[in-house]
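The sequence shown runs 20 to 342 under the working numbering. The C-beta atom is built at its ideal place from N, Cα and C for all residues, glycine as well. Treat the numbers as computed from the prediction; the structure is a model and nothing was measured.
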Amino acid sequence: MKKNIAIVAGGYSSEYEVSIRSARNLYGFIDKDRYRVCMVLIERDGWFAQLPGDGTAPVDRNDFSFMQDGVRVRIDFAYITIHGTPGENGLLQGYFDMLRIPYSSCGTFTSALTFNKYSCNRFLGAMGIRVPDSVRLRRGDPLNGDAIVSGLGLPVFVKPSDSGSSFGVSRVNEASQLEAAVDRAFEEGDEVMVERFIAGVEVTCGCYRTKGKINALPVTEVVPANEFFDYNAKYNGEVQEITPARLSSALTAKVQQTTAGIYDCIGAKGIIRVDYIIPADENPVLLEINTTPGMTDTSFIPQQMKTAGLKLSDVLTEIIENE
């Protein structure tokens, strides 16, 4: 009997549309000969399974099931592709843990840790991973711009500590821009990180584990047309993405080994993506970890798998069966 696979998409953040695009791409790659696949949309006004045609059915949150043609459909595996809350921060993972439904992404603790950029960087910094200096601001904290600029210098990056897809992120080149940038970041979350700027080459590396083996993917070099890798660069093509990256074989191996080490250190599951800056000394500096990376047709992971000679459909099957 075929397993029922739910691609879980949507969410409550500004990344809703990105999640839907990722879900549609995943739907096209999951093996329909092997699995029965449906999409489940998580929205604030309800959870809905998409039925053949244009119909939907409400999801019973007591057991994550729904009715189709008079038959109750029970989900055997959830492929989470929500970028932002509640699918990237551990909330949905805890829900599935209680229902004993296996899922594709990192567990509750790891998802919560990596979703908070400041806390994750502090944790990994203590484990020997190189991270940028930064300052955390919580909603209601007084903003001492002079102290921040004195400690971190200029420019700095201001970003929500618990958001993604570059929503609310600003590069601040002058002290007078700091307050507005912080206000903008707080529109996306309750915690903001101000991070030291590091000059260098931006790269990203995907990684996944199946059958007990951690597999680091080819490295992608990111050359944005704008000041940094913002939303338009990520999803509207305003960037040059070079896979494999223009790095030496030794430096490529260092990035991949660091990524695999981070994967193991945080106890990751499924596919993750780790972003770095490589400064002149060629020692990678961690920027952030994505535990539900984008899977749209312009996203890095599909590009890296293609370069590695991997079929995304095969990898998705491995991840589903690995659980």
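- Taking D50 as the centre and dropping the five residues before and after it, the same chain places the C-beta of S332, L335, T336 closer than 8 Å to its C-beta, in chain order.
- For T129, the enclosing alpha helix (DSSP H) starts and ends at 127-134.
- Taking each of Y122, S32, Y227 in turn and checking the Cα distance to N23, the smallest one comes out for Y122.
- Within the model, the alpha-carbon separation for I296 versus T100 is close to 25 Å.
- Classified as exposed, E206 has fewer than 16 neighbouring CB atoms from the shown chains inside 10 Å of its CB.
- With contacts defined by Cβ atoms closer than 9 Å, Y137 and S153 form a contacting pair.
- For R158, the closest of I320, D181, Q112 by C-alpha to C-alpha distance is D181.
- When the alpha-carbon of R80 is set against those of D88, A244, A68, the nearest one is in A68.
- Non-local beta-carbon contacts of K21 in its own chain, meaning distances under 6 Å to residues more than five positions away in sequence, involve Y54, R55 in chain order.
- In terms of Cβ geometry, P179 and A204 form a close pair [threshold 9 Å].
- For a cut-off of 8 Å, the C-beta gap from L266 to V238 is around 6 Å, short enough to register as a contact.
- Rounded to the nearest whole angstrom, the CA to CA distance from G109 to F176 is 26 Å.
- Per the coordinates, the alpha-carbon of E210 lies some 31 Å from the alpha-carbon of L236.
- Annotated three-state conformation of L306 is strand, per DSSP.
- Note on geometry: alpha-carbon atoms of T229 and V168 lie some 44 Å from one another.
- Restricted to the segment 151-203, the alpha helix (DSSP H) segments that are unbroken, complete and at least 4 residues in length are 164-171, listed in chain order.
- Under the three-state reduction of DSSP, E214 is assigned to strand.
- For K288, the closest of P151, E260, T271, Y98 by C-alpha to C-alpha distance is Y98.
- The beta-carbon separation of T262 and Q323, rounded to 6 Å, stays under the 8 Å limit for a contact.
- The straight-line gap separating the alpha-carbon atoms of G106 and G30 is approximately 7 Å.
- In this chain, V37 is not harboured by any beta strand (DSSP E); it is covered by the alpha helix (DSSP H) spanning 35-48.
- Taking a contact as a CB-CB distance under 8 Å, the pair L60 and C284 does not count as one, their CB atoms being some 33 Å apart.
- With fewer than 16 other Cβ atoms inside 10 Å of its own Cβ, G65 counts as exposed.
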